[in-house]
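Inspection log for the structure reproduced underneath, given as structure tokens.
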Amino acid sequence: MARAQRSLRQSKRHVLSGRISHERPARFLLKRSLLEVFGQRDSARWAEAIAEIYATDCTFYEAEGKIVGHNALNAKIGSILEEAPGFVFVAVRPAQVNHDLGRLQWRFGPPGASPVVKGVDVALFRHGRIRALYTYSDKPASK
């Protein structure tokens, strides 16, 4: 356990310092984005994570449109979580990274139940932060 926590702290330090010269910190950014931004219920904590993980001029793309900047992303997270009280985001498998591009598959729904939404985030990295995040989501067919 102590070893895992030490590794997590080291990865976070590399990400925050802007050293993203290999895939591990980029994978860590995607995981932090899913869990500490989109999956965080405390608005002050997700706002802090946005400031650490995302470029100031970040762009979030989804089927309904796009938003730009930390404030807009902060508002978007609030609306997503408000519409789904008690739901959680879970990574389906570890993130994959190819140079400055990464993807992370996820699911969203009540803990321990079938997901209501499945999706994938595709991120473009710049200077140790997420510059753009493209989200693709699939809702299961209604019965």
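Residues 3 to 145 (the numbering used here) make up the sequence shown, in order.
Even glycine gets a Cβ: it sits at the ideal position worked out from N, Cα and C.
In this structure the segment 86-97 does not touch the segment 57-65; the number of beta carbon pairs closer than 8 angstroms is below three. Spanning the alpha carbons of V118 and G67 requires a straight line of approximately 21 angstroms. By the C-beta criterion, the segment 67-81 is judged not to be in contact with the segment 103-117, since fewer than 3 inter-stretch pairs fall below 8 angstroms. Under DSSP, W108 shares a beta bridge with A93, G121. In the DSSP assignment, K78 falls within the unbroken alpha helix (DSSP H) covering 72-84.
Of I79, S139, E54, the smallest CA-CA separation from R43 is found for I79. Just so you know, the alpha carbons of A28 and G130 end up roughly 8 angstroms apart.
Counting along the chain, S45 sits inside the alpha helix (DSSP H) bounded by residues 45-55. The residues F62, in chain order, have a CB closer than 8 angstroms to that of A74 in the same chain once the five nearest residues on each side in sequence are set aside.
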